[in-house]
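Asks:
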Amino acid sequence: MAVRIPQSLSAGLQPETGWSVLDYELREQKAHTLGTLSGQVEQALAALRAFDAEAHQPDREHRRRALLDAAADLVWAFMIQRELCGLRNWDAVVKDYGIPREVLNRVGQVRRRAD
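Heads up: the sequence shown begins at 10 in our numbering, then just goes up one per residue.
#1: For residue 31, does the three-state DSSP call read helix, strand or coil?
#2: With residue 72 and residue 60 assumed to form a contact (beta carbons below 8 Å), what rounded beta-carbon distance in angstroms separates them?
#3: Look at the Cβ atom of residue 43, then the Cβ atom of residue 90, and state whether they are nearer than 8 Å.
#4: May I have a chain-ordered list of the alpha helix (DSSP H) segments no shorter than 4 residues that lie completely inside the region 36-109?
#5: Could you check which residue in 58, 94, 107 and 77 has the C-alpha nearest to that of residue 120?
#6: Whole angstroms are fine: how far does the CA of residue 98 sit from the CA of residue 28?
#7: Tell me the rounded alpha-carbon separation between residue 87 and residue 13.
#8: For residue 116, which of helix, strand or coil comes out of DSSP?
#9: Assuming residue 80 contacts residue 57 under a Cβ cut-off of 8 Å, what Cβ separation, rounded to an integer in Å, is found between them?
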């Protein structure tokens, strides 16, 4: 008696081709980049919160603006990478990461670099 694999399961047993290997590698790289950016966003937001909790310093506004800009740039990159991975629910991310409105207002802004 011969046993045949059900047709619904046989689709997953196709031989690896150059395209399927490349597709796997691209997905792996996207996921790795998303994880890296996630950690960087968390660190940038933590640095901003720590700075806000400190005592006032003379050049406070300049340093805070730089932290806000850095956080906004990382959040923007994270947002783009999520879109590339097919993840489109941004509201949940803002809530989960606790991204302040001040950072969100700066996302996507192009700023002149200081020399």
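The C-beta atom is built at its ideal place from N, Cα and C for all residues, glycine as well. No experiment lies behind these values; they were computed from the predicted model shown.
Replies: Quick answer:
#1: helix
#2: 7 Å
#3: yes
#4: 69-93 and 99-106
#5: Of the residues 58, 94, 107 and 77, the one whose Cα lies closest to the Cα of residue 120 is 77.
#6: For the pair residue 28 and residue 98, the Cα-to-Cα distance works out to about 29 Å.
#7: 46 Å
#8: Three-state DSSP puts residue 116 in coil, outside helix and strand.
#9: Their Cβ separation, rounded to whole angstroms, is 5 Å, which keeps residue 80 and residue 57 in contact under 8 Å.
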